[in-house]
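Asks: Line order of the protein sequences matches chains A and B. Residue numbering for the first sequence is 1 to 435, as defined by our numbering. Residue numbering for the second sequence is 436 to 870, as defined by our numbering.
Number of protein chains: 2
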Amino acid sequence: MSEVKLGLCGLGTVGCGTFNVLARNASEISARAGCELRVVHVGARRDNPACDTSAVRVSRDIFKVARDPEVNILLELIGGTDTALELVREAIAHGKHVVTANKALIAEYGNELLAEAEAAGVSVSFEAAVAGGIPIIKALREGLAGNRVHWLAGIINGTGNFILTEMREKGRDFSDVLAEAQELGYAEADPTFDVEGIDAAHKLVILAAIAFGMPLQFDKVFTEGITRIATQDVDYAEELGYRIKHLGIARRTDAGIELRVHPTLIPESCLLANVNGVKNAVLVEADAVGSTLYYGAGAGAEPTASAVLADVVDLARNLARVQKPTVAALGIAMKAITPQVILAIEEVETACYLRMLAEDKPGVMSEVARIFSDADISIEALIQKPPQPGQTRVPVVILTNKTREGKLMAAAAELEKLPSIAGEITRIRVESLDG
Amino acid sequence: MSEVKLGLCGLGTVGCGTFNVLARNASEISARAGCELRVVHVGARRDNPACDTSAVRVSRDIFKVARDPEVNILLELIGGTDTALELVREAIAHGKHVVTANKALIAEYGNELLAEAEAAGVSVSFEAAVAGGIPIIKALREGLAGNRVHWLAGIINGTGNFILTEMREKGRDFSDVLAEAQELGYAEADPTFDVEGIDAAHKLVILAAIAFGMPLQFDKVFTEGITRIATQDVDYAEELGYRIKHLGIARRTDAGIELRVHPTLIPESCLLANVNGVKNAVLVEADAVGSTLYYGAGAGAEPTASAVLADVVDLARNLARVQKPTVAALGIAMKAITPQVILAIEEVETACYLRMLAEDKPGVMSEVARIFSDADISIEALIQKPPQPGQTRVPVVILTNKTREGKLMAAAAELEKLPSIAGEITRIRVESLDG
């Protein structure tokens, strides 16, 4: 095939970025693909002044692109899950390969979509769906194909990382930084997806499915956001030699797979702790290779375009030789995908950071310590500062050893019942991230 | 193809590691490859007790493996460039695909070998040749295929990084750490390849060829080792906010391509500065994606096996559908590879760290400053400490702004002529590593 013809749906940030990067780097890209790559049909409800589509057929009805007999690969860059799902189905039904940047679509509907594509002999690729421009899908699916993956942990939401970085570096409040992130365009007007961890959960589900050869199970992810992280937690973490990052973690254990998104204390010396601002990074621990880490821009027009075009070039390189995709979307064929037990969060074992407000009077620390001791949870570190003038309560920070979460929840409930402990206890999981 | 048959030549560290990882992870690997992968023929001058080859045909004459009609893919894991070159040629001539971990072979003979393979319709893959288990070849060749790469900088020799890390963290001398590295098996008995930068130059040449679509030109790399780095340089660097890393750097400029391996001061806050011990990392700056970084184990039996097997699985996934490789070894077909001007080191522009020993008397600093000023080189920072009791000379450390190296060499020669400057001036290049 001397020319591969692309249909591009969606002219928002990513669609426009993809169109422009493809035009700018056309000669490099076609040399690598071994053929010309040409956008022959754009589907978008409206034009985007950042994108000159005057030489291309443009349809307001994006489904026309999916049905266009000329189109070899459809780029689904409209986002959302309703129309996008229909569009991708229509494209598959018409024998098109699909490249998408849509994490929600793959995380929530991927099992059916990828099976449909496989049956139709076309591919659905989604490098851009996770960690923007970082080629992490390819690394897991191909680069580490000789390994048994033990676990992976990623900073996979740039907005969340920006907020936590600002809180640490400048001592700012969560809500203050969130407002700035919205102004800067990092966070959506409705920031729920970012700060509550839903976006990270979408991405984690995709990474875990590839790492462990299991179905995409978005409904099974334990998800906790960063809205309750206080600047004092950031400071105490620092005092203990840790930083707080919002991580997506997937881990293989004898009992099942852990699948969780939550704020996490990690040692300040590890590389992941030094990934700041809107950057993303994924750390993968696998049996043969050991630790590898992949770092870069997790969002933005051109980083995402980079990932979309990587998928397009992969496909074009294939199409030059053979019509069918050579690499399965999740690394193994959908029919070989094996369901695995996903652990409930109560079954997960981690160390834990607890912060509570205690009466500053004799006997309180002994009550607190007794509850941990009775629960057979050992205390790794404890911080209690002298009370501020005029205060009768002091914050107490405890770092536990690794414990089953169910046990820790019970102990925390016991602590909250103590008359000498005021209000709720803040709990943040701790990971050492070593082998 | 329901079974892909491997011929494995070399039962040293990497050969044995590959054999064992393939056996251990057979079910995962075959699920990913979509077929069985079986070592049918081992070629090795002697057995390795770490590796049970009893169920496999073993030949003492490795060329028998290259000629074995049953073998689909030959794994060249013997190292060196003489026999390895012959072996790979023989395999290509017999229509075998080749996977190799041999950086010297690819860097020095790659242009001819890859062209021969291309003409024969077989592939020569070498993910394991650069940065061990880190899938950096795949990232550059495929993951960033939509980009124009501006530059890349890598810690691509683990031994060198181990030595520099120990020097910084423990204040130890170069020769002392080198001796330990040799004991630990990180460094060869003849450590020249590692500490003089030849190993890094081999790897850099491969990365640059893929990044810029140009021929492999090992003879054009400027290479400087770490043998002259003193602990005081490490300390002064720290004082200035930098760390010293032995980097391989390839950069596209308007005048040509920079290709250089040398010790480099880099800002301590950048991720690359925090890659310690025997670990490797490569930072890539490209137009669409921006900065991405790839980190992991740069050597060792199983990390290298991981990369070898990634290539094998890639090939097997292909062979299931089509006999010919779909991705060119360097990302673009050898016939489309374009020679580019490689800049002489004198033409390269960097900032520079200079350390000299100066008489502690009036007028010396003004002479020094005059030479920089006459050469139109501006001074960014200067450290001069009070003399130690009984010393008449003091070390002077200067950090310049970015300057053409030729100009700096001339200025340094001028400085060395001053009667008030004793001995040679230590010069170490400085890179900011930002966009």
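Ideal Cβ placement from N, Cα and C applies to all residues, glycine included. Just so we're clear, the structure is a prediction, and the values are computed from it rather than from any experiment.
Within the 9 Å Cβ cut-off, does D434 (chain A) reach chain B?
Replies: False, the Cβ-Cβ gap to chain B never drops below 9 Å.
Asks: Label K138 (chain A) either buried or exposed according to how many other C-beta atoms from any shown protein chain fall within 10 Å of its C-beta, with 16 as the threshold for buried.
Replies: Its Cβ being crowded by 16 or more others within 10 Å, K138 (chain A) is buried.
Asks: Quick check on the DSSP output: what are the complete alpha helix (DSSP H) runs of length 4 or more inside the stretch 156-216 of chain A, in order along the chain?
Replies: You should have 158-170, 174-183, 192-195 and 198-212.
Asks: Quick one: give me the first and last residue of the alpha helix (DSSP H) that C16 (chain A) is part of.
Replies: Taken as a continuous stretch (DSSP letters only), the alpha helix (DSSP H) holding C16 (chain A) covers T13 to R24.
Asks: Sort out for me which residues DSSP pairs M769 (chain B) with in a bridge.
Replies: Note: M769 (chain B) sits in no beta bridge, so no partner.
Asks: For the alpha helix (DSSP H) that I421 (chain A) lies in, which residues bound it at each end?
Replies: It is not in any alpha helix (DSSP H) - I421 (chain A) instead sits in the beta strand (DSSP E) that spans I421 to V430.
Asks: For chain B, check one thing: does any of its Cβ atoms lie closer than 9 Å to the Cβ of K103 (chain A)?
Replies: No - not a single Cβ of chain B is within 9 Å of the one on K103 (chain A).
Asks: List the endpoints of the continuous alpha helix (DSSP H) containing Q232 (chain A).
Replies: Segment T231 to E239, the alpha helix (DSSP H) holding Q232 (chain A).
Asks: Drop a sphere of 10 angstroms on the beta-carbon of I569 (chain B), count the other beta-carbons inside from all chains shown, and report buried for 16 or more, exposed for fewer.
Replies: Buried, because 16 or more other Cβ atoms sit within 10 Å of the Cβ of I569 (chain B).
Asks: Spatial neighbours of E285 (chain A) within its chain, please: C-beta separation below 6 Å, excluding the five flanking residues on both sides.
Replies: Contacts found: H150, W151 and S291.
Asks: Taking R805 (chain B) as part of the alpha helix (DSSP H), name the residues at either end of that continuous run.
Replies: Residues V799 to D809.
Asks: So if DSSP puts E543 (chain B) in a beta bridge, which residue, or which two residues, is it bridged to?
Replies: DSSP, once it has assigned bridges, lists no residue as partnering E543 (chain B).
Asks: For A369 (chain A), count the other beta carbons within 10 Å of its own beta carbon; 16 or more makes it buried, fewer makes it exposed. Which is it?
Replies: Answer is exposed; the Cβ neighbour count stays below 16.
Asks: To which residues does DSSP link C787 (chain B) through a beta bridge?
Replies: For C787 (chain B), which the question treats as bridged, DSSP gives the partners B:R864.
Asks: Please confirm whether any heavy atom of the ligand SAH lies closer than 8 Å to the CB of A328 (chain A).
Replies: The ligand SAH is absent from the structure shown, which contains no ligand whatsoever.
Asks: Contact between the stretch 754-773 of chain B and the stretch 162-169 of chain A: three or more CB pairs below 8 Å?
Replies: The stretch 754-773 of chain B, when compared against the stretch 162-169 of chain A, does not touch it at the 8 Å Cβ threshold.
Asks: A588 (chain B) bridges to which residues according to DSSP?
Replies: According to DSSP, A588 (chain B) bridges with B:I684 and B:L718.
Asks: Three or more beta-carbon pairs under 8 Å between the stretch 124-132 of chain A and the stretch 192-212 of chain A, yes or no?
Replies: The stretch 124-132 of chain A, when compared against the stretch 192-212 of chain A, does touch it at the 8 Å Cβ threshold.
Asks: Hey, how far is the Cα of A552 (chain B) from the Cα of N455 (chain B)?
Replies: One C-alpha to the other measures close to 28 Å.
Asks: I believe G132 (chain A) touches T304 (chain A) by the beta-carbon criterion, under 8 Å. Please report the beta-carbon distance rounded to the nearest angstrom.
Replies: The pair is a contact, with the Cβ atoms about 5 Å apart (cut-off 8 Å).
Asks: Closer than 9 Å, CB to CB, is E601 (chain B) near chain A or not?
Replies: By this cut-off, E601 (chain B) is not an interface position.
Asks: Go through its chain and collect everything with a Cβ distance to G452 (chain B)'s Cβ below 8 Å, but skip five positions before and after it.
Replies: Cβ within range, chain order: G735, A736, E737, T739 and A740.
Asks: Whole angstroms is fine: what's the gap from Q652 (chain B)'s alpha carbon to A646 (chain B)'s?
Replies: Those two C-alpha atoms are separated by around 13 Å.
Asks: Name, please, each residue of chain A whose Cβ falls closer than 7 Å to the Cβ of G578 (chain B).
Replies: Near G578 (chain B) (Cβ distances below 7 Å), the residues of chain A are P135, K138 and A310.
Asks: Within its chain, find whatever has a CB closer than 6 Å to the CB of E258 (chain A); leave out the 5 residues flanking it on each side and keep chain order.
Replies: Hits under 6 Å: R251, L343 and V348.
Asks: Please list, in chain order, the residues of the stretch 316-349 of chain A that have any C-beta partner in chain B closer than 8 Å.
Replies: Answer set for the stretch 316-349 of chain A: R317, N318, A320, R321, V322, K324, T326, V327, A328, G331, I332, A333 and A336.
Asks: Excluding sequence positions up to five away, which residues of its chain have a Cβ less than 7 Å from the Cβ of A84 (chain A)?
Replies: These residues qualify, in order along the chain: E76, I78, N102 and L105.
Asks: Is the distance from the Cβ of L817 (chain B) to the Cβ of L843 (chain B) below 9 Å?
Replies: No, these two residues do not count as a Cβ contact at 9 Å.
Asks: Identify, in the order they occur along the chain, each residue of the same chain with its Cβ nearer than 6 Å to the Cβ of A622 (chain B), setting aside the five sequence neighbours on each side.
Replies: Cβ neighbours of A622 (chain B) beyond the five flanking positions: T594, A616 and D629.
Asks: Quick check: the Cα distance between V88 (chain A) and D235 (chain A), rounded to an integer number of angstroms?
Replies: The alpha-carbon atoms of V88 (chain A) and D235 (chain A) are separated by roughly 46 Å.
Asks: Report the neighbours of E737 (chain B) on chain A: residues whose CB is nearer than 8 Å to its CB, in chain order.
Replies: The contacting residues are D287, A288, V289 and G290.
Asks: Less than 9 Å between CB atoms is the rule here; does N460 (chain B) satisfy it with respect to chain A?
Replies: Yes - at least one Cβ of chain A is within 9 Å of the one on N460 (chain B).
Asks: With DSSP as the reference, label V341 (chain A) as helix, strand or coil.
Replies: The answer is coil: DSSP assigns V341 (chain A) none of H, G, I, E or B.
Asks: Could you compute how far the alpha carbon of I92 (chain A) sits from the alpha carbon of N318 (chain A)?
Replies: If you take the alpha carbons of I92 (chain A) and N318 (chain A), they lie about 17 Å apart.
Asks: Which residue from B:E673, B:G556, B:L441 and B:D496 puts its Cα closest to that of P504 (chain B)?
Replies: Of the candidates B:E673, B:G556, B:L441 and B:D496, the one whose C-alpha sits nearest the C-alpha of P504 (chain B) is B:L441.
Asks: Please check the pair V4 (chain A) and I62 (chain A), which I expect to be a contact at CB under 8 Å, by giving their CB distance rounded to whole angstroms.
Replies: Not quite, the Cβ-Cβ distance comes to about 20 Å (not below 8 Å), so this is no contact.
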